[in-house]
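S.K.: Quick note on numbering: numbering that gives the first Met the number 0 labels position 3 of the sequence shown as 2, and the sequence is numbered without any gaps.
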Amino acid sequence: MVAQVPEAPEIERHRAAITRTNISKPVRLAIESSILNQSTTFFDYGCGHGGDIKRLAKQGYNCSGWDPYYRPDNPLTSADIVNLGYIINVIEKPDERREALLKAWELTQKVLIVSSLVLIEEARSGQIAYGDGIVTRRKTFQKYYEQEELKAYIDQVLDIDAIPVALGIYFVFRDAAAAENFRASRFRSNTSTPRIRLSLKRFEDYQEMLAPLMAFYTERGRLPTPTELPNITELQEELGSLRRAFRLILKATNQAEWDLITDKRRQDLLVYLALTQFGHRPRFGHLDSSLQNDIRAFFGTYKQACAAADLMLLSVGDNQLIASCCRQSDIGKLLPNALYVHVSASEAIHGLR
């Protein structure tokens with residue numbers, strides 16, 4: 000039950016700070032997504048007790064933080080990655096809430112991480128309605144957003160399209176091309192580099208040199224352009240060309256496995272492009288160069304890629320096609336009326352074709 004507050008209460012914002020035993024989920028997701036790494040700078044805006052920056056510093060990250068109560072004398076520092084972790088939901092004044100979001104964005108050079116509590120349960124007893132949120136027994140304020148409400152708020156204040164990465168957690172990119180590259184990467188299914196099946200002396204002589212090319216093809220499903228592989232000059236000098244180098248790889252591995260990787264990456268790209276229809280499909284020139292190269296390699300032109308993606312989207316309404324794909328799936332458990340797939344294997348499901 001939520002009671003109505005009789006008069007303006009005294010809000011103790013600092014009491015909302017949590018003493019953490021592990022890195023917070025928003026920061027952990029940034030690390031897992033390769034957004035945050037040891038070559039980027041990190042600033043925690045409203046760091047509370049400083050648990051995240053202490054743990055990151057121990058792991059060799061270049062990080063710092065500021066908090067109006069616990070670390071008020073620390074400087075506000077621009078950084079590649081800025082974290083606004085569960086801050087806007089504890090600020091009771093809407094104008095100050097907006098100011099905090101804008102200030103964090105001002106400090107952001109690459110990606111802003113915004114997180115907030117979301118409305119997932121009934122209000123508990125002892126909570127008092129105040130403004131657009133509630134006052135807890137600990138005299139802290141909490142604004143419970145709905146997931147889409149939080150996105151709409153971030154988008155409206157920053158005039159940008161925030162990307163949801165988990166419940167109540169959004170990444171906001173400075174660079175539009177980097178944002179699209181991140182979106183596309185989230186649809187990239189897991190796969191592994193094909194195993195070496197034949198012992199060939201020539202391949203073994205160049206195996207270390209060929210490893211970056213094999214890793215690139217596993218990630219992108221295609222050969223790299225001249226600017227996408229660090230050791231391309233060395234490969235060309237020793238083996239003549241990238242195609243000759245890859246032919247040597249094919250002799251020592253199973254070509255069918257590489258073909259499957261190409262097919263998976265093409266399907267991943269189609270899924271990404273199909274889903275852009277529900278938002279704002281970016282112009283080709285606004286895409287990251289790696290995505291542009293993927294499209295050229297798999298489809299020839301952006302127009303052809305989008306047309307293929309739209310056809311895939313239309314196939315969602317084809318029950319016979321869905322049933323056929325379910326029967327052919329080597330993932331999950333097929334029952335007479337449904338295909339059951341564990342969430343951990345969802346990325347391995349093939350797209351409709």
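Note that CB positions come from ideal geometry on N, CA and C, so glycine has one too. All of these numbers come straight from a predicted model, not from anything done at the bench.
#1: Would you check if the distance between the CB atom of Leu333 and the CB atom of Cys325 is smaller than 8 Å?
#2: Here's the rule: buried if 16 or more other CB atoms are within 10 angstroms of the residue's CB, otherwise exposed. What is Asp72?
#3: Evaluate Gln58 with the Cβ neighbour count: other Cβ atoms within 10 Å of its Cβ, from every protein chain shown; 16 or more gives buried, anything less gives exposed.
#4: Hey, which unbroken runs of the alpha helix (DSSP H) at 4 residues or more fall wholly within the segment 275-323?
#5: Can you find at least 3 beta carbon pairs, one from the segment 148-161 and one from the segment 180-194, that sit closer than 8 Å?
#6: Identify every run of the beta strand (DSSP E) within the segment 22-98, keeping only runs that are complete inside it and at least 3 residues long; order them along the chain.
#7: Counting Cβ pairs closer than 8 Å, one from the segment 39-47 and one from the segment 95-105, do we hit at least three?
#8: Report the three-state DSSP secondary structure of Pro163 (helix, strand or coil).
#9: Could you give the distance in angstroms between the alpha-carbon of Asp51 and the alpha-carbon of Ser32?
#10: Buried or exposed for Ser198, going by 16 or more other Cβ atoms inside 10 Å?
#11: Which residues does DSSP list as the beta-bridge partners of Phe186?
#12: Determine, for Glu207, whether the minimum Cβ-Cβ distance to residues of chain D falls below 8 Å.
#13: What would DSSP say about Thr261, mapped onto helix, strand or coil?
#14: Go through its chain and collect everything with a Cβ distance to Asp154's Cβ below 7 Å, but skip five positions before and after it.
#15: State the Cα-Cα distance for the pair Thr192 and Ala337, rounded to the nearest angstrom.
#16: For the segment 221-233 against the segment 292-311, are there 3 or more C-beta pairs whose distance is under 8 Å?
#17: Can you tell me which of Pro67, Lys92, Ser114 puts its alpha carbon nearest to the alpha carbon of Lys24?
#18: Buried or exposed: where does Asp131 fall if 16 or more other Cβ atoms within 10 Å of its Cβ makes it buried?
#19: Measure the C-alpha to C-alpha separation of Thr252 and Leu268 and round it to an integer number of angstroms.
#20: Looking only at its chain, what residues have a beta carbon closer than 7 Å to the beta carbon of Tyr271, apart from the 5 residues adjacent to it on each side?
#21: List the DSSP bridge partners of Thr107.
#22: On the three-state DSSP scale, how would you describe Val270?
#23: Would you identify the three-state DSSP class for Leu222, choosing helix, strand or coil?
#24: Ala244: buried (16+ other C-beta within 10 angstroms of its C-beta) or exposed?
#25: So, for Thr40: in the same chain, excluding its five sequence neighbours on each side, which residues have a beta-carbon less than 6 Å away from its beta-carbon?
#26: Which residues mark the beginning and the end of the beta strand (DSSP E) in which Ile168 is found?
#27: List, from N- to C-terminal side, the beta strand (DSSP E) runs of 3 residues or more that fit wholly inside the segment 190-251.
#28: Taking the alpha-carbon positions, what's the Thr76 to Gly49 distance?
#29: Taking 8 Å as the cut-off, does the segment 273-282 touch the segment 230-242 (at least 3 CB pairs, one atom from each stretch)?
#30: For Leu290, which residues of its own chain have a beta-carbon under 7 Å away from its beta-carbon, when the five flanking residues on both sides are left out?
#31: Apart from the five residues just before and just after Gln37, which ones in its own chain have a Cβ nearer than 6 Å to its Cβ?
M.R.: Short version:
#1: Looking up residue 333 in the sequence shown gives position 334. Looking up residue 325 in the sequence shown gives position 326. In terms of Cβ geometry, Leu333 and Cys325 form a close pair [threshold 8 Å].
#2: Here residue 72 refers to the residue found at position 73 when the sequence shown is read from its first residue. Asp72 comes out exposed.
#3: By 1-based counting over the sequence shown, the position of residue 58 is 59. Counting Cβ neighbours within 10 Å, Gln58 comes out exposed, since fewer than 16 surround it.
#4: The segment 275-323 contains these whole alpha helix (DSSP H) runs: 288-298, 301-313.
#5: Result no; under three Cβ-Cβ pairs closer than 8 Å.
#6: Qualifying beta strand (DSSP E) stretches, in chain order: 40-44, 61-65, 78-84.
#7: The segment 39-47, when compared against the segment 95-105, does touch it at the 8 Å Cβ threshold.
#8: The residue labelled residue 163 in the question sits at position 164 within the sequence shown. In the three-state reduction of the DSSP assignment, Pro163 falls in the strand class, which pools E and B.
#9: Within the sequence shown, the letter at position 52 stands for residue 51. Within the sequence shown, the letter at position 33 stands for residue 32. Straight across, the Cα-Cα distance linking Asp51 with Ser32 is about 17 Å.
#10: Position 199 of the sequence shown, counting from 1, holds the residue named residue 198. By the neighbour-count rule (16 or more Cβ atoms within 10 Å), Ser198 is not buried but exposed.
#11: Position 187 of the sequence shown, counting from 1, holds the residue named residue 186. DSSP lists no partner for Phe186.
#12: No chain D appears in the structure shown, which is made up of a single protein chain.
#13: Locating residue 261 in the sequence shown gives position 262, counting from the first residue. DSSP, reduced to helix, strand and coil, places Thr261 within a helical segment of the structure shown.
#14: In the sequence shown, counting from the first residue as 1, residue 154 sits at position 155. Asp160, Ala161, listed in sequence order.
#15: For this step, residue 192 is matched to residue 193 along the sequence shown. For this step, residue 337 is matched to residue 338 along the sequence shown. Between Thr192 and Ala337, the alpha-carbon positions lie close to 32 Å from each other.
#16: At 8 Å Cβ cutoff, the stretches touch.
#17: Taking the first residue of the sequence shown as 1, we reach residue 24 at position 25. Among Pro67, Lys92, Ser114, the Cα nearest to that of Lys24 belongs to Ser114.
#18: Here residue 131 corresponds to residue number 132 of the sequence shown, with the count starting at 1. Here the model assigns Asp131 a pLDDT of 48, short of 50, so the residue's position is not dependable, and the following value carries that caveat. With fewer than 16 other Cβ atoms within 10 Å, it is exposed.
#19: What you label residue 252 is simply residue 253 of the sequence shown in a count that begins at 1. What you label residue 268 is simply residue 269 of the sequence shown in a count that begins at 1. One C-alpha to the other measures close to 25 Å.
#20: For the purposes of this step, residue 271 is taken as the residue at position 272 of the sequence shown. For Tyr271, same chain residues with a beta-carbon under 7 Å away, outside a window of 5 residues either side, are Arg182, Ala183, Phe186 in chain order.
#21: Against the sequence shown, residue 107 aligns to sequence position 108. In DSSP, Thr107 forms a bridge with Ala78.
#22: As a position in the sequence shown, residue 270 is number 271, starting the count at 1. The three-state reading of DSSP puts Val270 in helix, counting H, G and I together.
#23: For the purposes of this step, residue 222 is taken as the residue at position 223 of the sequence shown. In the structure shown, Leu222 sits in coil (DSSP, three-state: anything other than H, G, I, E or B).
#24: Here residue 244 refers to the residue found at position 245 of the sequence shown. Buried, since its Cβ has 16 or more Cβ neighbours within 10 Å.
#25: Translated into positions along the sequence shown, residue 40 becomes position 41. These residues qualify, in order along the chain: Asn61, Ala78, Asp79.
#26: Residue mapping note: residue 168 aligns to position 169 of the sequence shown, counting from 1. Ile168: member of the beta strand (DSSP E) spanning 168-172, first to last residue.
#27: Annotation note: the segment 190-251 contains no uninterrupted beta strand (DSSP E) run of length 3 or greater.
#28: Taking the sequence shown and counting its residues from 1, the one referred to as residue 76 is at position 77. Taking the sequence shown and counting its residues from 1, the one referred to as residue 49 is at position 50. Within the model, the alpha-carbon separation for Thr76 versus Gly49 is close to 15 Å.
#29: The segment 230-242 is not in contact with the segment 273-282.
#30: For this step, residue 290 is matched to residue 291 along the sequence shown. For Leu290, the CB contacts under 7 Å within the same chain, skipping 5 residues up- and downstream, are Glu179, Asn180, Ala183 in chain order.
#31: If you number the sequence shown from 1, residue 37 lands on position 38. Within the same chain, and ignoring the five residues on either side of Gln37 in sequence, the residues whose Cβ sits closer than 6 Å to its Cβ are Gly59, Tyr60.
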